[in-house]
Structures are given as C-alpha cells and as structure tokens.
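Numbering (the working numbering), first residue to last: 2 to 160. A short worksheet on the structure shown next.
Following this line, the structure appears as structure tokens:
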C-alpha cells in the first residue's frame, strides 16, 4: 500500500482540501489486493491498488462522458500478422505503469481519504482529484485522450 500511495504522491493525483458543501458528492475508495503469479502458478508478489467506488458517481456532477473506443483483438492480431510477416516491419510493445494516473480529469471529483492513510493534520479534509484513478467512470476516456494526444505529437494519426 505504501508503494501505491507513493505513486499517487509522485504523480500528484490529488490534493487535500476542506470538504465541499454537503450537496456535493464525495466518492469513496477502497484497497484491492491481488496476488501476482508466474507461469508455474507460484506466487511472486503481492499488489495493492487504490480504487475509487465509481458506482456512487453522479452523471453530470462527477462525470460527463465515459465513451472510449475499443478495438477488436482479432483485428489487432490480423494487423500484426500482415505488418510483421508480410511487410517485415519491426514491432515492440510498451507497458505503462500506473496508466490512469497520467491522465488529467476534466471534472471536479472529491474522494474520501484512503483507508489507513488519513491525514493526522487534516483528518476532516477530502482529496480533490487532479488525475484519473482506477474505478472512476471517466478514467478510461481520460487515458484515451492523453495517449491519443501523445501519439499524434509523435506523428501517428487516426484512421
């Protein structure tokens, strides 16, 4: 959990602020635990992720748009087969750690302080999110917007 909180701090995911008026929805969060295994099924490490309780978000207040395009994996496999085998193109893959934490939010979203990490100095404050977080309804869209912009700057274009 400490490593996950350090990721949040490093990427400036939120800032602690006084609680908004009572009519403003404050979204909860929780810790999700996962056991990573190798190919033989042997436990290699434990992973913890802070996840928003997006089911409690209100459309128009905490989020507007959630749509992000999804590609069919058969199309990806076919494209790679053509590009790599027939056209002899080089290929590589990239894994982005803490993916959603790079995407800025368009809406104002408040979150309760994470369980076990409540500020001793400001126990009644809430987290005002500046970046997307796992579990938010709009996180996938915000990440798509971020990565699309980056790829376009690198010379790629949408087809």
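Glycine residues also receive a C-beta, built at the ideal position from the N, C-alpha and C atoms.
- Here DSSP, grouped into helix, strand and coil, assigns residue 44 to strand.
- The residues 26, in chain order, have a CB closer than 7 Å to that of residue 62 in the same chain once the five nearest residues on each side in sequence are set aside.
- Residue 15 sits buried, since 16 or more C-beta atoms from the chains shown fall within 10 Å of its C-beta.
- Just measuring C-alpha positions, the residue of 58, 60 and 35 sitting nearest residue 50 is 35.
- Listed as beta-bridge partners of residue 36 by DSSP are 47.
- Below 8 Å, too few C-beta pairs join the region 90-106 and the region 121-129 to call them touching: fewer than three.
- Rounded to whole angstroms, residue 48 and residue 4 show a C-alpha spacing of 9 Å.
- For residue 144, the enclosing alpha helix (DSSP H) stretches over residues 140-154.
- In this structure, the CA atom of residue 112 is about 49 Å from the CA atom of residue 89.
- Annotated three-state conformation of residue 2 is coil, per DSSP.
- Non-local beta-carbon contacts of residue 147 in its own chain, meaning distances under 8 Å to residues more than five positions away in sequence, involve 103, 104 and 105 in chain order.
- Between residue 134 and residue 101, the gap from beta carbon to beta carbon is short of 8 Å.
- Taking the Cβ atoms as the reference, residue 7 lies roughly 22 Å from residue 28, outside the contact range of under 8 Å.
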